[in-house]
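Taking UniProt numbering, I'd label the letters of the sequence shown as residues 1 to 1203. C-beta atoms are modelled at their ideal positions from N, C-alpha and C, and glycine is treated no differently.
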Amino acid sequence: MYMAYPIIRNVVAGCVSARRFFAHLDPIPIMASLLVLGFSAIVSGAAIHHRDAVPAGYVAAPYYPAPHGGWTADWSGSYRKASMLVSNMTLAEKTNLTAGTGIFMGRCVGNTGSALRVGIPQLCLQDGPLGVRNTDHNTAFPPGITVGATWDKDLIKRRGIAIGEEFRGKGVNVHLGPSVGPLGRKPRGGRNWEGFGADPVLQAFGGALTVEGVQSTGVIATIKHLIANEQEEYRMWNLVKPGYSSNVDDRTLHELYLWPFAEGVRAGVGSVMISYNAVNGSASAQNSHLINGLLKDELGFQGFVMSDWLAQISGVPSTLAGLDMSMPGDKNDIPLVFGTSYWMYEQTRSVLNGSVPVDRVNDAVTRILAAYFQMGQDQNYPRPNFDTNTQDAEGPLYPGLLLSPRGVVNEFVDVQGNHAEVAREVARDAITLLKNDGGILPLTRNASLKIFGTDAEKNPDGINSCADQGCNKGTLGMGWGSGSARYPYMDSPIDGFKARGATYQFFNTDSFPGNSNPSPNDTAVVFVTADSGENYITVENNPGDRTSSNLNLWHNGDKLIKDVAAKYSNVIVVVHTVGPILMNEWHDLPSVKAVLFAHLPGQEAGDSLMQVLFGDVSPSGHLPYTLPVSEDDYPKSVGIVGYQLGQPQDTYTEGLYIDYRHFHKANVTPKYAFGHGLSYTSFSFSDATITPVTPLTAAPPTRPAKGQTPTYSTAIPPASEAVWPANFPRLLRYIYSYLDQNDADAARKIGDSASTYPYPAGYSNEQKPGPAAGGAQGGNPALFDTAYNIAVTVTNTGSRAGKAVAQLYVQFPSESTVDTPVIQLRDFEKTSTLAAGASQTLNLRVTRKDLSVWDVVAQNWVVPAVGGDYGIWIGGASDQLRLRCGTASGSCGPRDPPLPGTTTPSTDFGANTHYGCVIDSARVGQTSQSSRLLNGPYVSRNSSMTQQSCKAFCTIPSDAVPDAPYKYFAIEFGRDCRCGTIFLHTPVISNQCHTTCVSSSSQLCGGQNVMNLWLNSDYVEPSTPTGPGNPDNGHQTGTPPGGNPDNDGHTGNPPGGNPDNGGHTGNPPGGNPDNGHHGGTPTGGNPDNGHHPGTPTGGHPGGGQQPSHPRPTRPDHNPSWAGDGGTESPILDMESPVLDMEDPIQGMESLILDMESPVLDMEDPILDMKSPTIMDMKGPTILGMQDLHTITATAMGRVGDGG
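1) What did DSSP end up calling Asn362 once you bin it into helix, strand or coil?
2) Less than 8 Å between the beta carbons of Val857 and Ala698, yes or no?
3) Where does Arg133 sit, in a helix, a strand or coil, going by DSSP?
4) Can you tell me whether DSSP reads His1050 as helix, strand or coil?
5) Could you check where the beta strand (DSSP E) with Tyr660 kicks off and where it finishes?
6) Does the segment 434-448 come close enough to the segment 399-416 that 3 or more CB-CB pairs lie under 8 Å?
7) Can you tell me whether Gly544 is buried or exposed? The criterion is at least 16 other CB atoms within 10 Å of its CB, across all chains shown.
8) Is it the case that the CB of His175 approaches a heavy atom of the ligand MN more closely than 7 Å?
9) Which same chain residues end up closer than 8 Å to Pro520 when comparing Cβ atoms and leaving out the 5 residues on each side of it in sequence?
10) Per DSSP, what are the beta-bridge partners of Glu394 in this structure?
11) Is Met1011 helix, strand or coil by DSSP?
12) Quick one: Cα of Thr833 to Cα of Val805, how far?
13) Would you check if the distance between the CB atom of Lys331 and the CB atom of Tyr345 is smaller than 8 Å?
14) Ignore the nearest five residues each way along the sequence and tell me which others in Tyr79's own chain have a CB closer than 7 Å to its CB.
15) Do Gly190 and Gly148 count as a contact pair if the criterion is CB distance below 8 Å?
16) Spatial neighbours of Val564 within its chain, please: CB distance less than 7 Å, with the 5 preceding and 5 following residues excluded, ordered by chain position.
17) What are the start and end residues of the beta strand (DSSP E) that includes Gln811?
18) Should the segment 627-639 be regarded as contacting the segment 598-618, the criterion being three or more beta carbon pairs within less than 8 Å?
19) Would Thr444 be called buried (16 or more neighbouring beta carbons within 10 Å of its own) or exposed?
20) So is Val316 buried or exposed if we call it buried at 16+ other beta carbons inside 10 Å?
21) Could you give the residue range of the beta strand (DSSP E) that holds Leu97?
22) Using the C-alpha atoms, what's the distance from Thr847 back to Glu212?
23) As a quick exercise: from Gly270, Gln767, Gly639, Val248, pick the residue whose alpha carbon is nearest that of Gly303.
24) Measure from the alpha carbon of Lys94 to the alpha carbon of each residue in Val305, Glu233, Glu298, Asp324, then state which is nearest.
25) Exposed or buried, what is Ala776 when buried is set at 16 or more other beta-carbons lying within 10 Å of its beta-carbon?
26) In the DSSP output, which residue or residues are listed as bridge partners for Trp71?
27) On the premise that Thr98 lies in contact with Tyr734, defined as a C-beta separation below 8 Å, what is that separation, rounded to the nearest angstrom?
28) Helix, strand or coil, according to DSSP, for Glu212 in the structure here?
29) Please classify Met478: does DSSP put it in a helix, a strand, or coil?
30) Excluding sequence positions up to five away, which residues of its chain have a Cβ less than 8 Å from the Cβ of Thr454?
31) Grouping DSSP H, G and I as helix and E and B as strand, with all else coil, what is Phe969?
32) So what does residue 1220 bridge to, in DSSP terms?
33) Looking at the strands, I want to know which residues DSSP matches up with Gln379.
34) Once you ignore the five residues that flank Asn96 on each side, which residues in its own chain have a CB closer than 8 Å to its CB?
35) Are the beta-carbon atoms belonging to Gly606 and Asp495 less than 8 Å from one another?
36) Assess contact between the segment 592-601 and the segment 459-478, defined as three or more Cβ pairs (one per stretch) separated by less than 8 Å. Is contact present?
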């Protein structure tokens, strides 16, 4: 969640904590340096800063007012209690709860103010998704990507419960997790490992079940980051450069990226965290379409919306756009130093002077307190007993102060319980066996092992020697950043081998040693890694995203494997990785017999792996993403967006087609398909049934109407409610909500004047009934009605016990005119441990929403072919779907081969494999797949022809049939079953070959010991016209005809001056429109400092000017305003202050004092520069410290983004 505060973050990189940083350094020169750098940034940015235009059709349509919470029955009781409290609170008490008190101003990473007079304490917000960050006596659970690889719903929830128990035990009110954004669109994305996998449904189950588990303990969960925060670089706003804009069309946003958030909201999540980046040109923290329109109205979210740490870039606009809580409370230009805020005292002022409607603040604080009551935190909830800033027992109570009072800050409460068992089970059941040639696994107890790779043993510098795990040394249990936790211990693979009493020799090096003395009886086990993390730490030249390492293994892992494979005939590769890697250099080497992905195991890396390696259990993990053959297999649009002079534009031109969806559409054969995972046993799926439950209609039934919400007086409160209490002991730089008497009186006088705040055109305090797609938490409740129940019997057909996963995918019917992926995951279930020969019936379901698409014109979910035959495919992986149920026929049956376009050879099978070519003269995709015949010449090839050379050979045209679509195939462990000239496209075993052939037995060719046949039956579905509003219907993406509020043809430059149109909007006449003061002189240049505005520029949502050209209206909302709910660029059109240029400006290699990266190049605000900064530059520096890249990767101070 966080960026960590760029300046201090990187300045303090060599310190163990911020507290120790301040203890070791004189703050005076640092503050002076920050001031110099701040003014330098402003001057430098003045000449170059501009906003690039958002591409055509991607517009954030404004949505006002912020919907009130409390209208759903399941939150009504909590809202009743909250409203009674709010009715008796003063203005300053309310605004004290809607923001943090500042960076390092308390025990937790985020600390709100309090309202002690009415019994509400400070709320503690703490990272992270895999455990309590920067504390002691905690559990370091496996992260989300490992959890996703288990494909086990019960285990996901149990992990959530355990995490919740630990956060509650530490006195944390708000758990900053789970993460369901990023979704994993970009395989190099730095924080993909925090989520559950590269599919919206897998991500949705992971997020929702975690929310349910965490909140069952009384802790408020936070689902994050909303939305489209798919890369780390350039995510942050700063004085000279806005954060990148994720440009996503409406349908893609709903069907992919919003899907897991909808399920989290449906699960009752108490908090949502907004991301750093912009969406369609509008900063997420003040994107009214995103917060008010999608989250609060369409999804019916009842909790509160917080900013990511320092993601807020304005005051009044973010308030109007629906933000409820500002974290950590500081402004994002120079946090901490001056103790300034966009909210707190400025929000108090803005209410008094009429800039912010009273009901907006009332709703924000009511939402926060409703979540507090909803989780029962008013009933004996513990207070924080740890300090995220230090591991010492005593220390400063407010480390961000120059002179802080001291006291006990850590009570060392042990919250681990028996949670190591859950953590170990997750780590074990996630292990994914990709390859196991010759049944080399499981190992025998007396196997002679040679173990290679530093990943097999703990970090020799100490398991927590790198702050926020900001290095890749020793066993890789998690990525780096605010989503990490301290290890209480690390059970390494070597610990596991020792505990087993294994016979092994360990070479703790990533280079092949010359003294390993290979023996024919040896089995080599090679440990390799691939790491990534959050952008405020750079590790081995990777600034969060894998920009330097790409998808390759780290530490020369590819070479180590090849060198070992050259000397040993039996090699097992164990991979600890954050996501997809490339394996071509070594995967098919004859001696590489087995490959396991252990993902990121957290603290339980050892015994969990041993249980699989030695066969205590069969591996049951499945890939939560696709493994490519080459990085070129992905669409170019999912690469990391590089430096752009203006606002970086990240446009999602691939639409719905990410990960396996793309591979199917593009006819690209992956190395291993999404959902792939082998076992030591085998399973069959049979006796499937499909039962209709709820009849489908094209549109869902009408949504329920909103219930009543709390009502309050809308009168501006008296100035006395905002004034400092008498004799209040103020702390310098601590952020408060009070005003001096004169300031309060002056603001109230403005509020009483005849002038009114120039709200955006069409702005109203009249609440909307809500969109058709809404109606409850998660959306219209009819969307989640079960349309079909599916039951399938899973049988263990092997000789060992094991667990199987049934994956259910939907294929839209051919009658549908809407472009959809070939298949889409919609449900999954995992069996219990099945003994050999045992069976279990699994029950799955398909909902109305699962069979719908988002109609951008109707702004609703619609079933595109009500009477069509939806294919409900079931199998063990996305390329192994051998059962199909038809919704039209109401029947289920085997389909061999599996669904076309999803099965391809994934490996060479060794000496017993034959390859060949056939001409595909059948209609690919015909209904009766099992009877499809492939006719044509059969070209036999021996084992010297590999899969790839066979594929190349098969592209050579035939003289006889020059236009025939050749297909290549491989037959595993045997020959083909062929009847004369007819090649049967059916896997057979030896005793089936004779009875399968339709010709006489004398025509049989082969048939002995045939075990499996693979055919590359990839194909491209016929192009069909898409329905109205589809982003792929020939119109400009995201600009469908007939009702889209942004279809005026403007390419990101809507009339009236959209503040996100790339134009210059930062020099408004007469003062900044959103600076809170009445009049034309903004305070300090800040656009949102709580004063009433003067004469705003056209297009600022608070500017009062109508767009120069009327825009079309949508039936469910007011006329479009060319803005997003906030002036996103204050002075010099900067969307947010901050000294943070991520790349050199105007081609300069260095900026100010010959720094290798600009001094003002903090990828995240303060304390968080990705490259050398104030005290840490390679060239001449202000304070003459050494290169930050070294420090950052090893011993960075305790910083982060609170999410």
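Concretely, from the data shown:
1) Reduced to three states, the DSSP call for Asn362 is helix.
2) Remark: C-beta atoms of Val857 and Ala698 do not approach each other more closely than 8 Å.
3) When DSSP states are grouped into helix, strand and coil, Arg133 belongs to the coil group.
4) Because the pLDDT at His1050 is just 32, under 50, the model does not fix this residue reliably, and the value given afterwards should be weighed accordingly. Residue state for His1050 is assigned as coil, using DSSP reduced to three classes.
5) Here Tyr660 belongs to no beta strand (DSSP E); instead the alpha helix (DSSP H) covers 659-665.
6) A contact between stretches requires three or more CB pairs, one per stretch, nearer than 8 Å, and the segment 399-416 fails this requirement with the segment 434-448.
7) When all chains shown are included, Gly544 counts as buried.
8) Ligands displayed in this structure: none; no statement on the ligand MN is therefore possible.
9) Hits under 8 Å: Ser569.
10) According to DSSP, which records beta bridges pairwise, Glu394 is partnered with Val408.
11) Because the pLDDT of Met1011 is 28, which lies under 50, any placement of that residue in the model is unreliable, and the question is left without a value.
12) Spanning the alpha carbons of Thr833 and Val805 requires a straight line of approximately 11 Å.
13) No, these two residues do not count as a Cβ contact at 8 Å.
14) The residues are Gly69, Gly70, Thr366, Ala370, Pro710.
15) No, the pair does not count as a contact, with Cβ atoms beyond the cut-off.
16) Only Phe452, Phe512, Ala524, Val526, Val571 meet the Cβ criterion.
17) Looking at the DSSP string, the run of the beta strand (DSSP E) that includes Gln811 is 805-811.
18) The segment 627-639 makes no contact with the segment 598-618; the number of CB pairs closer than 8 Å stays below 3.
19) By the neighbour-count criterion, in which a residue is buried when 16 or more other Cβ atoms sit within 10 angstroms of its Cβ, Thr444 is exposed.
20) By the Cβ-count criterion, Val316 is buried, with 16 or more other Cβ atoms from all chains shown falling within 10 Å of its own Cβ.
21) Here Leu97 belongs to no beta strand (DSSP E); instead the alpha helix (DSSP H) covers 91-97.
22) Whole-angstrom Cα-Cα distance: 20 Å.
23) Of the candidates Gly270, Gln767, Gly639, Val248, the one whose C-alpha sits nearest the C-alpha of Gly303 is Gly270.
24) Ranked by how close their Cα comes to the Cα of Lys94, the residues Val305, Glu233, Glu298, Asp324 have Asp324 in first place.
25) Of the residues assessed, Ala776 falls on the buried side of the cut-off, its CB having 16 or more other CB atoms within 10 angstroms.
26) DSSP lists no partner for Trp71.
27) Contact flag wrong, Cβ pair sits at about 16 Å.
28) Glu212: helix per DSSP, three-state reduction.
29) Met478 falls in the coil class under three-state DSSP.
30) If we look at Thr454 and ignore the five residues flanking it on each side, its Cβ neighbours are Lys473, Gly474, Asn508, Thr509, Asp510, Phe527, His555.
31) Because the pLDDT of Phe969 is 40, which lies under 50, any placement of that residue in the model is unreliable, and the number read from its coordinates should be weighed accordingly. Secondary structure at Phe969: strand, using DSSP grouped into helix, strand and coil.
32) The first residue shown for the chain is 1 and the last is 1203, placing residue 1220 beyond what the model contains.
33) Answer is none; Gln379 lacks a bridge partner.
34) If you ignore the 5 residues before and after Asn96, its C-beta comes within less than 8 Å of the C-beta of Thr112, Gly113, Ser114, Ala115, Met344, Tyr736, Ser737, all in its own chain and listed in chain order.
35) Less than 8 Å separates the beta-carbon of Gly606 from that of Asp495.
36) At 8 Å Cβ cutoff, the stretches touch.
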